[in-house]
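Asker: The numbering used here puts the first residue of the sequence shown at 631, with every later residue one more than the last.
We put the beta carbon where it would ideally sit given N, CA and C, even for glycine.
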Amino acid sequence: MECFSELVKLSKLLNNFKQSWFVAGGWAIDLFIGDVTRVHKDIEIAIFRKDQSSLREYLFGWEFTKVVNGKMQPWNKDEWLELPIHEIHAHTKNTFFSELEILLDESSHNEWRFRRNFDIARPLSRIQLHSDINVPFLAPEIVLLYKAKNPRSKDEDDFHRVRNLLDEERQVWLKQAIMVCHPGHHWLTELHVSGR
Numbered sequence: 631m632e633c634f635s636e637l638v639k640l641s642k643l644l645n646n647f648k649q650s651w652f653v654a655g656g657w658a659i660d661l662f663i664g665d666v667t668r669v670h671k672d673i674e675i676a677i678f679r680k681d682q683s684s685l686r687e688y689l690f691g692w693e694f695t696k697v698v699n700g701k702m703q704p705w706n707k708d709e710w711l712e713l714p715i716h717e718i719h720a721h722t723k724n725t726f727f728s729e730l731e732i733l734l735d736e737s738s739h740n741e742w743r744f745r746r747n748f749d750i751a752r753p754l755s756r757i758q759l760h761s762d763i764n765v766p767f768l769a770p771e772i773v774l775l776y777k778a779k780n781p782r783s784k785d786e787d788d789f790h791r792v793r794n795l796l797d798e799e800r801q802v803w804l805k806q807a808i809m810v811c812h813p814g815h816h817w818l819t820e821l822h823v824s825g826r
């Protein structure tokens with residue numbers, strides 16, 4: 631089984647990046663749990679879309695690609711990425727951490743916004759947590775909302791591992807968000823919210 635050593639390397643790499651960043655995807659679930667529960671194919675980080683140029687400057691000398699309609703294309707230096715583009719990749723040969731998958735998250739004022747439905751929002755103060763190893767990660771209810779669209783078996787496993795560890799406020803938020811985006815989703819009956 632893996633350990634969190636790759637995330638420690640990632641944290642060292644991004645230590646001086648002045649903007650918000652957080653581990654996303656399955657690794658974020660494991661950081662919330664505090665244990666590595668499964669094998670992970672890659673490491674995804676999320677940043678706010680408004681900070682894309684700052685990250686590019688910080689990773690000076692890296693090569694960047696963007697994902698457009700499921701295909702990798704060069705991301706030109708002075709190009710500003712707008713929706714629907716939300717995934718970029720960075721590559722280098724000159725460091726202990728050679729590849730990054732970066733997801734662009736939306737924000738407005740003091741809120742995170744769900745890129746698939748801007749009506750779904752979360753205060754910025756609630757979306758980032760820090761692990762015991764001081765690695766920032768995306769709140770699990772947000773990770774699960776992304777995974778709810780087309781859950782694969784690993785997404786189902788992540789949901790079942792973490793759902794009962796969420797406090798009531800996080801479960802209420804997730805349940806309401808899934809009801810808006812995916813009414814009738816099978817996870818809705820498994821989120822236990824008192825009085826609802």
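Which full runs of the beta strand (DSSP E) of 3+ residues lie inside the stretch 748-802, going along the chain?
Answerer: Correct list: 758-760 and 766-768.
Asker: Which of helix, strand or coil does DSSP assign to residue 808?
Answerer: helix
Asker: If you reduce the DSSP assignment to three classes, tell me which class residue 816 lands in.
Answerer: helix
Asker: Which two residues bound the contiguous alpha helix (DSSP H) that contains residue 638?
Answerer: Run containing residue 638: 635-643, per the alpha helix (DSSP H) assignment.
Asker: My guess is that residue 675 and residue 730 are in contact by the Cβ rule of under 8 Å, so how many angstroms apart are they, rounded?
Answerer: 6 Å
Asker: Take residue 771 and list the residues in its own chain whose beta-carbon comes closer than 7 Å to its own, dropping the five residues that flank it on each side.
Answerer: 796, 800, 803 and 804.
Asker: Based on Cα-Cα distance, which residue from 697, 736, 739 and 691 lies nearest to residue 722?
Answerer: Shortest Cα-Cα distance from residue 722 to any of 697, 736, 739 and 691 involves 691.
Asker: Considering residue 703, what are the terminal residues of the beta strand (DSSP E) in which it resides?
Answerer: 701-704
Asker: Quick one, are the C-beta atoms of residue 778 and residue 808 less than 8 Å apart?
Answerer: yes
Asker: Going straight from the alpha carbon of residue 818 to that of residue 710, what length do you get?
Answerer: 37 Å
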